[in-house]
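Trainee: Handing you a structure now.
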Amino acid sequence: MIRLTAELTPAGTSYLATGLGQPVVLIHGVGLNKEMWGGQIVGLASQYRVIAYDMLGHGASPRPAADTGLLGYADQLLELLEHLQLPQATVIGFSMGGLVARAFALHYPQRLQGLVVLNSVFNRTEEQRAGVIARTSQAAEHGPDANAEAALSRWFSREYQAANPAQIAAIRQTLAGNDPQGYLTTYSLFATQDMYRADDLGSIQVPTLIATGELDPGSTPEMAEQLARRIPGAKVAVLPEQRHMMPVESPRLVNQMLLEFLESANARQSPIKGIVA
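Numbering (full-length UniProt numbering), first residue to last: 1 to 277.
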C-alpha cells in the first residue's frame, strides 16, 4: 500500500506526489479533496509520476477570494508545476476539476502534455442549469453538506453505497467539513462556467480524452460527446453502468482506460529514433 505525506507549495497548495516517469496531475471535484484519487495513485504510480492536490477552498489548500474565477484555479495548478519544476504534465480533471483542466489548457497550453476530462459538465440544458443553481442557493443558505444525501445518490450506485458504508460515511464527513466560503466560491463556478471559453476549445492541440459514465445524470454521455466535438482529435469514452464517482467506485476500470490513453498519447508525442523528419 502506498503511504504518502502531503507537502505544501510556497503558496500553500497541499499535494501528494509519488512514482517516476511522465507527470500526471489529478484534480478532484467540488467538496472532495486529493484523497479521492487513492485508486488512481495506486494504479498509475508504477508507470508515471502521479501528483494529486487540493483545489483552492478544499482540503488543506488556501481559501480563494470570493471573486476568484476559473483562471485563479488554473493559476494554482501552474504554481504547483512551477514548484515541482515540471515544464509539462498530463492533467486529469474530475467534475469541477475538469473545468479547471479545461481552463488550464486554454490559458497555459505550453505547459500541457495531455488532457483528460472525467465526468464533467458542458452545455447544460436550461433544466440542468436551473437544478444546479438551486443547489448553489441551498449550499449558500445551509452550508456545504446541504445536498449531501442527494449528491451521494447521484454519485454512487445503491449497491456500492450498501457495500461500502464506511467509505460513504467518510465522503459525507468530507463534504460537511468543507470551508463554507471556499466551497460556495467553487460550487458557484461549477454551476455557471460549463461553457467557459467554449469557442476557444478548438485551440487545444494535445491528446485529449473526454470520459463519463453511462448512468451519470449530471455529467452525461451527451455532454461528453458535445465537448469532444469542440476539441480537435479528442476521444470519447462512456463506461457502461457507471455513475458519477466512477474513479472511486470502479478504479480498475477507470485506470485501464487512463493507462491506455496515456500510453497512446505518449506514443503520439515521442518521435521514432533514427527517423529524420
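Where a beta carbon is used, it is the ideal one built from N, C-alpha and C, also for glycine.
Have a look at R252 and N147 and give me their C-alpha separation to the nearest angstrom.
Mentor: Translated into the one-based positions of the sequence shown, residue 252 becomes position 252. Translated into the one-based positions of the sequence shown, residue 147 becomes position 147. Going by the C-alpha atoms only, they are around 28 Å apart.
Trainee: Note down the Cα distance separating S153 from R172, rounded to an integer number of angstroms.
Mentor: Start at 1 with the first residue of the sequence shown, and residue 153 comes out as number 153. Start at 1 with the first residue of the sequence shown, and residue 172 comes out as number 172. Going by C-alpha positions, S153 is about 11 Å away from R172.
Trainee: So what does S14 bridge to, in DSSP terms?
Mentor: Position 14 of the sequence shown holds residue 14. Answer is L8, bridged to S14.
Trainee: Of the choices L258, A105, G233, P247, whose alpha-carbon is the least far from that of Y160?
Mentor: Here residue 160 is taken as the residue at index 160 of the sequence shown, counted from 1. Considering only alpha carbons, the answer is P247.
Trainee: Using the rule of at least 16 other Cβ atoms within 10 Å of the residue's Cβ for burial, across every protein chain shown, is H58 buried or exposed?
Mentor: As a position in the sequence shown, residue 58 is number 58, starting the count at 1. Buried, by the Cβ-count rule.
Trainee: Cα separation between S95 and A103?
Mentor: Within the sequence shown, numbered from 1, the residue matching residue 95 stands at position 95. Within the sequence shown, numbered from 1, the residue matching residue 103 stands at position 103. Within the model, the alpha-carbon separation for S95 versus A103 is close to 13 Å.
Trainee: With C-beta atoms as the reference, is I92 less than 8 Å away from L26?
Mentor: Along the sequence shown, read from residue 1 onward, the residue named residue 92 stands at position 92. Along the sequence shown, read from residue 1 onward, the residue named residue 26 stands at position 26. In contact: I92 and L26 (Cβ atoms closer than 8 Å).
Trainee: Residues in the same chain with beta-carbon distance under 8 Å from A140, minus the five sequence neighbours each way, listed in chain order, please.
Mentor: Position 140 of the sequence shown, counted from the first residue, corresponds to residue 140. So the qualifying residues of the chain are L184.
Trainee: Would you report the Cα separation of F122 and L77, rounded to the nearest angstrom?
Mentor: For the purposes of this step, residue 122 is taken as residue 122 along the sequence shown, with counting starting at 1. For the purposes of this step, residue 77 is taken as residue 77 along the sequence shown, with counting starting at 1. In a straight line, the C-alpha of F122 is about 21 Å away from that of L77.
Trainee: Could you compute how far the alpha carbon of P10 sits from the alpha carbon of H83?
Mentor: One-based indexing of the sequence shown puts residue 10 at position 10. One-based indexing of the sequence shown puts residue 83 at position 83. C-alpha separation (whole angstroms): 8 Å.
Trainee: Mind pulling the beta strand (DSSP E) runs of 3 or more residues that sit fully within the stretch 130 to 156?
Mentor: Listed in chain order, there is nothing to give.
Trainee: Note down, in chain order, each residue of its chain lying with its Cβ closer than 6 Å to the Cβ of A265, except the 5 sequence neighbours on either side.
Mentor: Along the sequence shown, read from residue 1 onward, the residue named residue 265 stands at position 265. Around A265: G114, P207.
Trainee: Just the C-alpha distance for G213 and A166, rounded to the nearest angstrom, thanks.
Mentor: Indexing the sequence shown from 1 puts residue 213 at position 213. Indexing the sequence shown from 1 puts residue 166 at position 166. Rounded to the nearest whole angstrom, the C-alpha separation of G213 and A166 is 23 Å.
Trainee: Which of the three DSSP states is assigned to F122 in this structure?
Mentor: In the sequence shown, the residue the question calls residue 122 occupies position 122. Reduced to three states, the DSSP call for F122 is coil.
Trainee: Check whether the Cβ atoms of L259 and V116 lie closer than 8 Å to each other.
Mentor: Within the sequence shown, residue 259 is the residue found at index 259, counting from 1. Within the sequence shown, residue 116 is the residue found at index 116, counting from 1. Cβ atoms of L259 and V116: not closer than 8 Å.
Trainee: Could you give the distance in angstroms between the alpha-carbon of L56 and the alpha-carbon of L201?
Mentor: Position 56 of the sequence shown, counted from the first residue, corresponds to residue 56. Position 201 of the sequence shown, counted from the first residue, corresponds to residue 201. Rounded to whole angstroms, L56 to L201 spans 24 Å at the Cα level.
Trainee: Relative to the alpha-carbon of S203, which residue among P109, Q47, A150, S120 has its alpha-carbon at the smallest distance?
Mentor: Numbered from its first residue, the sequence shown carries residue 203 at position 203. The shortest C-alpha separation from S203 is found at P109.
Trainee: What's the call for V195, buried or exposed, on a 16-neighbour Cβ count within 10 Å?
Mentor: For the purposes of this step, residue 195 is taken as the residue at position 195 of the sequence shown. Contrary to the premise, residue 195 reads as Met rather than Val in this sequence. With a threshold of 16 other beta carbon atoms within 10 Å, M195 falls short and is exposed.
Trainee: Could you check the C-alpha separation between V24 and L118 for me, to the nearest Å?
Mentor: On the sequence shown, position 24 is the one that residue 24 refers to. On the sequence shown, position 118 is the one that residue 118 refers to. Cα-Cα distance, rounded: 14 Å.
Trainee: Could you tell me if E7 is buried or exposed, where buried requires 16 or more neighbouring beta carbons within 10 angstroms of its beta carbon?
Mentor: Locating residue 7 in the sequence shown gives position 7, counting from the first residue. E7 should be labelled exposed.
Trainee: Going by DSSP, what residue range makes up the alpha helix (DSSP H) through R158?
Mentor: On the sequence shown, residue 158 is found 158 positions in, with the first residue counted as 1. 158 to 163 is the span of the alpha helix (DSSP H), which, as asked, contains R158.
Trainee: Please state the DSSP three-state secondary structure of Y183.
Mentor: Translated into positions along the sequence shown, residue 183 becomes position 183. Y183 falls in the helix class under three-state DSSP.
Trainee: For a test of your reading of the model: does the CB of E79 fall under 7 Å from any non-hydrogen atom of the ligand HEM? Yes or no.
Mentor: Ligands displayed in this structure: none; no statement on the ligand HEM is therefore possible.
Trainee: From which residue to which residue does the alpha helix (DSSP H) around residue 278 run?
Mentor: With the chain covering 1 to 277 only, the question about residue 278 has no answer from this structure.
Trainee: How far does the beta strand (DSSP E) with A237 in it reach, from first residue to last?
Mentor: Here the question's residue 237 lines up with position 237 in the sequence shown. Looking at the DSSP string, the run of the beta strand (DSSP E) that includes A237 is 235 to 239.
Trainee: Is the Cβ-Cβ distance between Q88 and R111 less than 8 Å?
Mentor: Here residue 88 refers to the residue found at position 88 when the sequence shown is read from its first residue. Here residue 111 refers to the residue found at position 111 when the sequence shown is read from its first residue. Yes, the Cβ-Cβ distance between Q88 and R111 is below 8 Å.
Trainee: Relative to the C-alpha of Q47, which candidate in A267, L262, R268 has its C-alpha closest?
Mentor: The residue labelled residue 47 in the question sits at position 47 within the sequence shown. Comparing Cα-Cα distances from Q47 to each of A267, L262, R268, the minimum goes to L262.
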